[in-house]
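Per UniProt numbering, the very first residue in the sequence shown carries number 1; after that it's consecutive. Beta carbons are placed, not taken as given, at the ideal position from N, Cα and C, and that holds for glycine. None of these values were measured; they are calculated from a predicted model. The next block holds one structure in the form of structure tokens; read it before the comments.
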Amino acid sequence: MEALVKVVSQIHKQWGIDCKAKDFTLTVTRLLQLSIIDRPVDILHPDVWDQCTKALAEDTMSSGSGKNLKACGRVVDALQKALQEQDTWSPTFAGERRVSPFKSQGDKFTIRATAAYPPPPIKLTWKSSDPVWVEQWPLSKPRIDTLLKLVDRELQKGHVEPSTSPWNTPVFVIPKQRGEGFRLLHDLREVNKKIKPMGPVQTSLPMSSMIPKGQPCAVLDIKDCFFSIPLHDEDKERFAFSIVFPNSQRPNLRFQWKVLPQGMVNLPTICQITVDRALEPVRRSDPTVTIVQYMDDILIAAPSASQVDRAVSSVSETLKTNGFEIASAKIKKGPCVTFLGVEISSSYITPPQIKIRRDIETLHDMQQLVGSLQWLCNIVLIPPEVMDPLNDLLKGKNSWEQKTLTPEATRSLDFIEQQMSRSTLTRWDASASIDLYIHFTKKGGVRALAQGPPDKAQPILWVVLGKPSRAFSPGVECLGNLIMKGRKLALKHLGAEPTKIYLPFRKQLSAQSTTISEHLAMALAGFGGEIRYAAKPPWTQLLAIVDIDLPPKIVN
């Protein structure tokens with residue numbers, strides 16, 4: 001208790017609050033006992049003053065003594081006076097407020113404190129305020145009963161509320177994929193046309209191989225992330241729906257969403273921004289901890305297991321403060337964790353073992369197959385020669401055109417399955433340099449960011465390029481593009497340039513060649529590392545390497 005009084009007295013003295021120290025100490029102590037504030041410094045935040053006064057008023061009624069309430073009144077009056085005299089309160093990006101009761105003037109003392117509060121909901125921007133009304137589709141009696149149960153569940157959870165909105169769009173129920181009941185879907189296509197789209201804030205998946213090597217990891221999953229993010233009050237009525245009964249035997253039941261509805265056009269962006277704001281204080285508190293967030297999945301890595309445990313506790317606490325929930329069963333720790341489908345061990349990452357479908361009948365089936373393989377290309381080395389037979393089957397105009405796998409395409413799928421079963425990427429070693437390897441093959445180019453000596457180099461990222469878009473592209477131009485894109489990838493994922501670039505030439509590049517070739521000059525502009533030649537790292541045995549030399553005009 002003595003320590004608490006000392007801290008409270010120090011706050012009162014240093015911040016020069018214009019009220020008696022006795023009143024300030026009495027107020028803060030009682031508010032801490034009632035759990036209205038968590039720390040003495042929280043009393044400085046204007047957002048809690050009404051809550052403090054109300055709590056002490058109720059405490060006065062139960063105890064019969066009004067001394068705490070009177071003291072609180074004098075304290076709040078003093079704080080309000082300081083607030084009016086000086087413009088010291090301002091919102092921050094992370095949904096916080098910084099208080100600095102006094103600016104630096106003469107002999108006055110300057111102190112800053114930070115208290116975190118949930119950020120306000122993000123307001124949508126609308127192209128038009130004219131209401132949208134789309135009649136509810138007729139549903140069978142069993143589906144209406146199911147819809148009533150689903151809406152009642154959402155009502156009890158606080159996700160929807162009764163509505164008299166002039167907006168309406170249809171809802172329906174569909175069986176869940178795993179056959180465990182039904183799910184509620186809201187057709188928001190017409191509403192989405194009225195919403196001004198937000199730009200993407202996370203344009204690519206994070207690479208798990210860029211997590212520092214050897215650092216223990218933990219993975220968290222936010223439960224019902226979208227349903228934990230409230231809609232702005234002015235936007236709720238635009239996401240209304242109706243339950244219509246057969247033969248209009250009773251008035252329709254009308255509801256509107258209070259949280260982000262699935263299917264809304266800006267849902268991913270708002271989710272990413274809101275979760276990122278909630279995590280910002282934890283990121284700032286310990287820069288040695290790596291926090292990777294993609295939608296509702298979070299990965300935490302740190303130099304020690306104890307740091308990971310503390311970070312997990314901090315992340316869970318701050319997310320809970322911001323209205324999110326993380327089930328303890330969803331927190332995964334250990335030597336191996338899975339994040340975004342990729343298995344992460346202490347030194348390596350392993351690609352997901354997806355099942356490759358071979359029952360191809362239409363162009364649409366083929367497009368889905370190739371699309372499912374595209375995101376593997378950064379983790380699994382799939383040479384251009386392997387993808388070429390599959391890409392040939394993408395030719396066509398109509399999605400219903402008949403397609404069947406050719407023998408060459410079947411062999412390509414066999415190769416990809418073998419690669420998935422045995423491929424790994426090493427995790428980034430912060431103490432070792434990053435090198436960029438460039439190879440020309442018969443059907444395109446391959447880039448690799450890797451670490452270690454050339455004969456034992458271990459890749460941390462693959463990038464495979466197919467045929468050039470033009471019928472004729474000079475080799476020097478292709479080389480320049482490969483170099484520039486490789487450097488950009490290193491900067492994008494690691495924030496650093498490669499230390500060495502290994503070019504696919506058998507002869508050393510002369511100093512004059514960069515002055516003659518604008519493509520090479522642009523590709524190597526500002527590069528301060530080393531240029532090396534004709535390296536044969538272990539993975540070249542999987543590639544149909546084409547050894548090339550620059551044309552004499554360039555070399556000489």
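In the structure shown, the three-state DSSP call for Ser-208 is helix. For Gln-418, the uninterrupted alpha helix (DSSP H) run begins and ends at 407-422, by DSSP. Setting aside the 5 residues that flank it on each side, Asp-455 is surrounded in the same chain by Lys-536, Pro-537, Pro-538, each with a C-beta closer than 8 Å to its C-beta; the list follows chain order. Judged by DSSP secondary structure, Arg-447 falls outside any alpha helix (DSSP H) and instead within the beta strand (DSSP E) spanning 444-451. Linking Ala-409 to Ser-328 through their CA atoms gives a straight-line distance of about 45 Å.
At least 9 Å separates the beta-carbon of Thr-406 from that of Pro-383.
Beyond the five residues adjoining it in sequence on each side, Phe-239 comes within less than 6 Å, by CB distance, of Gln-256, Trp-257, Pro-261 in the same chain, given in chain order.
Given a length threshold of 3 residues, each whole run of the beta strand (DSSP E) inside the stretch 138-184 is given here in chain order: 160-162, 171-175. Under the three-state reduction of DSSP output, Val-132 falls in the coil class, being neither helix nor strand. Under the three-state reduction of DSSP output, Ser-433 falls in the coil class, being neither helix nor strand. Residue Leu-436 holds the alpha-carbon nearest to the alpha-carbon of Leu-491 among Ala-544, Pro-504, Tyr-502, Leu-436. Between the alpha carbons of Thr-203 and Thr-269 lies a gap of roughly 10 Å. Under the 10 Å beta carbon count, Glu-280 is surrounded by 16 or more other beta carbons and is classified as buried.
In this chain, the beta strand (DSSP E) harbouring Gly-334 covers 332-334.
Here DSSP, grouped into helix, strand and coil, assigns Pro-216 to coil. Closest by C-alpha distance to Asp-392, out of Asn-266, Leu-381, Lys-196, Met-366, is Met-366. For Asn-398, the closest of Thr-426, Leu-363, Ile-229 by C-alpha to C-alpha distance is Leu-363. Sequence-distant Cβ neighbours of Gln-136 in its own chain, meaning closer than 6 Å and more than five residues away, are Pro-170, Ser-242, Val-244. Where Glu-237 is concerned, there is no enclosing beta strand (DSSP E), because DSSP gives it neither an H nor an E.
For Gln-367, the secondary structure class from DSSP, reduced to helix, strand or coil, is helix. Between the stretch 274-290 and the stretch 173-191, the count of C-beta pairs closer than 8 Å stays below three; the two stretches do not touch. In the DSSP assignment, Leu-34 falls outside any alpha helix (DSSP H) and carries neither an H nor an E. Thr-203 sits in coil when the DSSP states are folded into three classes, being neither helix nor strand. Two segments are said to touch when three or more pairs of C-beta atoms, one from each, lie closer than 8 Å; by this definition the stretch 129-148 does not touch the stretch 210-223. Within the model, the alpha-carbon separation for Tyr-502 versus Arg-532 is close to 5 Å. Within the DSSP secondary-structure output, Ile-229 pairs in no beta bridge. Judged by beta-carbon spacing, Ile-326 lies beyond the 9 Å limit of Val-337, meaning their Cβ atoms are not closer than that value.
Remark: C-beta atoms of Phe-440 and Arg-487 do not approach each other more closely than 9 Å. In the DSSP annotation of this structure, Arg-310 is not part of any beta strand (DSSP E); the continuous alpha helix (DSSP H) holding it starts and ends at 305-321. In this structure, Asp-224 sits away from Asp-297, with a CB-CB distance that is not shorter than 9 Å.
By the neighbour-count definition (other C-beta atoms within 10 Å, threshold 16), Lys-320 is an exposed residue.
Exposure of Leu-205 is indicated by the presence of fewer than 16 other C-beta atoms within 10 angstroms of its C-beta. The DSSP-derived three-state label of Thr-27 is helix. Bridge pairing for Pro-459: Ala-450 [DSSP]. Rounded to whole angstroms, the gap between the alpha carbons of Trp-126 and Val-265 is 12 Å.
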